[in-house]
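Numbering (the numbering used here), first residue to last: 1 to 43.
Quick reminder that beta carbons are idealized off the backbone N, C-alpha and C, glycines included.
Quick look at the structure:
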């Protein structure tokens, strides 16, 4: 996957729309891509 060129569609249930951050608590993982932003759109 190429950063900023890859999109992933995930079906969330009962989640408020908005922008959320996700990350791994292991710094090495976080530094190598396991950190990002999820934008949840309204139905």
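For the pair residue 8 and residue 39, the Cα-to-Cα distance works out to about 11 Å. Cβ neighbours of residue 23 within its own chain (closer than 7 Å, five residues either side excluded): 30, 34, 35. Nearest C-alpha to residue 4 among 41, 37, 42, 43: 37.
When the five nearest sequence neighbours on each side are left out, the beta carbons in the same chain lying within less than 8 Å of the beta carbon of residue 10 are those of 38, in order along the chain. Following the DSSP letters along the chain, one finds residue 28 in no beta strand (DSSP E) but inside the alpha helix (DSSP H) bounded by residues 27 to 31.
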